[in-house]
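As structure tokens, the structure follows; a few thoughts come after it.
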Amino acid sequence: MPFLLTPLIVVFYSNSILGGEISQRENSDRESNFEKKRKRELLKMNLGFVVGVFGILILSHAAYSTIQYRGLLKIMEEEFSRPPMNVVLELIIGVALCLWAALTLPGKFLSIHPDSDENRAVSLPDNSEFMIFNHRGRLFPPQIDMKF
Amino acid sequence: MVTKTQETQLNQLENQVENGGGGVWEYLSLVRKLKVRRSEIVLKHGLSILNDPGKRSALGPDEWTLYEQVAIAAMDCQSLNVAQNCIKVLKKKFPDSKRVGKLEALLLEAKGMWEEAEKAYTSLLEDNPLDQVIHKRKVAMAKAQGKPSLAIEHLNKYLEVFMADHDAWRELAEIYVSLQMYKQAAFCYEELILTQPTLPLYHLAYADVLYTIGGLENLIAARKYYAATIDLTGGKSTRALLGICLCGSAIAQLSKGRNKEDKDMAAPELQSLAATALEREYKQKAPAKLNLLSSALRSLKIS
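Residue numbers (the UniProt record's numbering), protein chains in the order written: chain A, 1 to 148; chain B, 1 to 303.
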């Protein structure tokens with residue numbers, strides 16, 4: 001039972017860190033859109049972590065009960081063909097939870113298509129190390145900008 | 001290398017900043033990260049941050065990076081006083097810095113005082129003979145003074161030492177193209193394709209140069225590289241599609257009097273496929289110009 005308390009402690013701790021981060025950033029002139037996205041991502045990661053821990057606990061419980069069942073069968077001197085139905089159900093639930101957690105925890109998956117919008121190079125960098133100032137824009141200075 | 005998502009993000013932030021919304025610092029950081037050249041906007045909004053002492057102190061240690069960025073943007077927009085003031089502030093904070101020394105030499109370049117800038121760069125090179133940025137600035141100075149042969153000489157010497165510098169190879173290729181020395185430009189693009197074969201823009205530029213040189217083998221090779229570009233971009237490169245159509249018609253024209261096996265090189269299916277893909281794209285993006293495109297393609301096929 002203390003096993004079950006550790007994920008809850010992890011969730012509360014990480015949420016308090018998150019609260020501290022947000023109150024620090026409110027002072028500077030940042031976009032709230034990016035902040036909301038990151039908060040949602042972090043919450044999803046926390047949920048994934050908790051679900052993953054639950055999944056692993058369920059799997060280990062199923063393993064333990066299978067071992068117990070096998071011991072029981074050894075006493076009754078019967079063949080061990082497959083674990084009982086409730087253990088199989090538990091196994092399926094555990095696998096499903098672990099799978100969901102494994103897909104949610106790493107966060108955003110990167111795209112591997114070379115022509116997807118994230119990987120497609122639209123333009124090369126403008127070679128600012130070879131930049132010259134001798135261009136036609138020299139004749140069009142912008143409005144007067146005073147500097148203190 | 002700017003990807004499509006980065007480009008849309010940049011344009012979105014630019015619209016937001018120009019129309020008075022917030023997010024100036026994010027825009028400036030994105031411009032710095034992507035190394036794009038948006039000097040007017042950077043100058044206007046960077047100065048608005050720097051002139052406001054509250055916003056300036058909110059930046060913390062990033063303030064000096066902003067001074068540098070605004071100084072370079074000011075030089076690009078020919079506001080030399082602004083640049084001078086920024087460099088003065090930086091020099092007060094970092095008195096013995098090589099980076100500030102480079103900025104000062106850059107300012108001399110922007111003012112057009114070539115000999116003083118040359119002297120400054122030589123003295124900086126004495127302390128640090130393997131500084132890539134200073135070598136590149138010498139090339140840029142030769143280019144700005146209108147001496148492309150000198151620039152080529154410097155750049156070749158630089159590339160003998162630093163062979164892996166993609167930007168330098170690209171710059172050399174562009175200088176050769178501007179001087180119409182296409183064979184050497186083709187060599188530079190071949191080097192670039194060897195080191196970064198997954199970047200379709202290099203294939204496209206190489207195909208353009210090959211098409212310009214002309215001659216049957218070059219046209220066939222150009223068509224191959226246009227096809228490679230289409231493959232790498234998933235068909236989203238309009239220029240490559242047009243290139244295939246043009247190459248096809250040029251090859252057909254050149255191999256008119258030849259025998260059957262050369263006629264097979266014309267590959268009419270590829271040309272018609274590219275033409276259909278082009279018409280589909282024009283219908284989607286610029287339906288007003290579709291008639292123009294169809295008549296142009298028809299005249300290509302006839303000739």
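Glycine included, each C-beta is placed from N, C-alpha and C at the ideal position. All values derive from a computational prediction rather than experimental measurement.
> For Glu21(A), which residues from the same chain have a beta carbon less than 7 Å from its beta carbon, with the 5 sequence-adjacent residues on both sides left out?
Replying inline: Note on Glu21(A): pLDDT 45, under 50, position unreliable in the model; the coordinate value appears next. For Glu21(A), where only same-chain residues beyond five positions count, there are no Cβ hits under 7 Å.
> DSSP on Ser123(A), reduced to helix/strand/coil?
Replying inline: Three-state DSSP puts Ser123(A) in a strand.
> How would you label Ile67(A), buried or exposed, when you count the other beta carbons within 10 angstroms and need 16 or more for buried?
Replying inline: exposed
> Quick one: does Ala140(B) have its CB under 8 Å from some CB of chain A?
Replying inline: yes
> Do you know offhand how far Lys102(B)'s Cα is from Lys138(B)'s?
Replying inline: 12 Å
> Going by the CB atoms, is the gap between Phe130(A) and Ala110(B) shorter than 8 Å?
Replying inline: no
> Among Leu43(B), Ile213(B), Lys236(B), Leu108(B), which has the Cα closest to the Cα of Ala250(B)?
Replying inline: Ile213(B)
> Would Gln78(B) count as contacting chain A if we go by Cβ distances under 8 Å?
Replying inline: yes
> Using CA coordinates, which residue listed in Gln143(A), His113(A), Val95(A) is at the minimum distance from Leu232(B)?
Replying inline: His113(A)
> With 16 other CB atoms within 10 Å as the buried threshold, where does Ala248(B) fall?
Replying inline: According to the sequence shown, residue 248(B) is Gly rather than Ala. Its Cβ being crowded by 16 or more others within 10 Å, Gly248(B) is buried.
> Quick one: which chain A residues come within Cβ less than 9 Å of Pro200(B)?
Replying inline: Pro114, Asp115, Arg120, Ala121
>> Just checking: is the beta-carbon of Thr65(B) within a distance shorter than 8 Å of some beta-carbon in chain D?
In response: This model lacks chain D altogether; the protein chains it does include are A and B.
>> Here's the rule: buried if 16 or more other CB atoms are within 10 angstroms of the residue's CB, otherwise exposed. What is Ala275(B)?
In response: buried
> Closest to Arg40(A) by CA distance: which of Thr104(A), Gly55(A), Ala96(A), Leu110(A) is it?
Replying inline: Arg40(A) has its Cα closest to that of Thr104(A), out of Thr104(A), Gly55(A), Ala96(A), Leu110(A).
>> Using a Cβ-Cβ distance cut-off of 8 Å, determine whether Glu118(B) contacts chain A.
In response: So, not an interface residue.
> Going by beta carbon distance, what residues of the same chain come within less than 8 Å of Arg30(A), once the five residues before and after it are set aside?
Replying inline: Low local confidence applies: a pLDDT of 49 at Arg30(A) is under 50, so the model's placement there is unreliable, with the coordinate-based value given in what follows. Non-local C-beta neighbours of Arg30(A) in its own chain, meaning closer than 8 Å and more than five positions away in sequence, are absent.
>> Taking the alpha-carbon of Leu246(B) as reference, which of Lys224(B), Ala228(B), Gln271(B) has the nearest alpha-carbon?
In response: Minimum Cα distance to Leu246(B) is reached at Gln271(B).
>> Taking the beta carbon of Met76(A) as the centre, do at least 16 other beta carbons fall within 10 Å, making it buried, or is it exposed?
In response: exposed
>> What does the Cβ neighbour count give for Ser111(A), buried or exposed, with the cut at 16 atoms within 10 Å?
In response: exposed
> Within the 8 Å Cβ cut-off, does Thr3(B) reach chain A?
Replying inline: Judged by the 8 Å Cβ criterion, Thr3(B) is in contact with chain A.
>> Strictly under 8 Å for the Cβ-Cβ distance: is Leu124(A) near chain B by that measure?
In response: yes
>> In whole angstroms, give me the CA-to-CA distance for Arg70(A) and Pro83(A).
In response: 8 Å
> Does the stretch 204 to 219 of chain B come within contact of the stretch 94 to 103 of chain A, defined as at least 3 CB pairs closer than 8 Å?
Replying inline: no
> Helix, strand or coil: how does DSSP classify Leu43(B) here?
Replying inline: helix
> Looking at Ala207(B) and residue 313(B), is the spacing between their C-beta atoms short of 8 Å?
Replying inline: Residue 313(B) lies beyond the residue range present for chain B, which begins at 1 and ends at 303; the question has no answer from this structure.
> Leu34(B) and Val70(B): beta carbons closer than 8 Å?
Replying inline: no
> Going along the chain, which residues of its own chain have a beta-carbon closer than 8 Å to the beta-carbon of Arg170(B), five neighbours each way excluded?
Replying inline: Cys188, Leu192
> Just how far apart, CA to CA, sit Glu7(B) and Leu28(B)?
Replying inline: About 14 Å.
> Who are the near neighbours of Ser28(A) in its chain, counting only those whose CB is closer than 6 Å to its CB and skipping five residues on each side?
Replying inline: With a pLDDT of 46 at Ser28(A), under the threshold of 50, the modelled position of this residue cannot be trusted, and the question is left open.
>> Counting only C-beta atoms, is residue 203(A) closer than 8 Å to chain B at any point?
In response: No answer is possible for residue 203(A): it lies beyond the span of chain A, which begins at 1 and ends at 148.
>> Could you check whether the Cβ of Ile93(A) sits closer than 8 Å to any Cβ belonging to chain B?
In response: Closer than 8 Å: no.
> Between Ala252(B) and Arg223(B), what straight-line distance do the alpha-carbon atoms span, to the nearest angstrom?
Replying inline: 12 Å
> Taking the continuous alpha helix (DSSP H) assigned at Ala120(B), which residues delimit it?
Replying inline: 114 to 127
> Given a threshold of 16 other Cβ atoms within 10 Å of its Cβ, counted over all protein chains shown, does Asp78(B) qualify as buried or as exposed?
Replying inline: For the record, residue 78(B) in the displayed sequence is Gln; it is not Asp. The residue in question, Gln78(B), is buried, as its Cβ has 16 or more Cβ neighbours within 10 Å.
> Fully enclosed by the stretch 13 to 100 of chain B, which alpha helix (DSSP H) runs are 4 residues long or longer?
Replying inline: Counting whole runs of 4 or more residues, the stretch 13 to 100 of chain B contains the alpha helix (DSSP H) stretches 24 to 34, 39 to 50, 53 to 59, 63 to 76, 80 to 93.
>> With H, G and I counted as helix, E and B as strand and the rest as coil, what does DSSP make of Thr276(B)?
In response: helix
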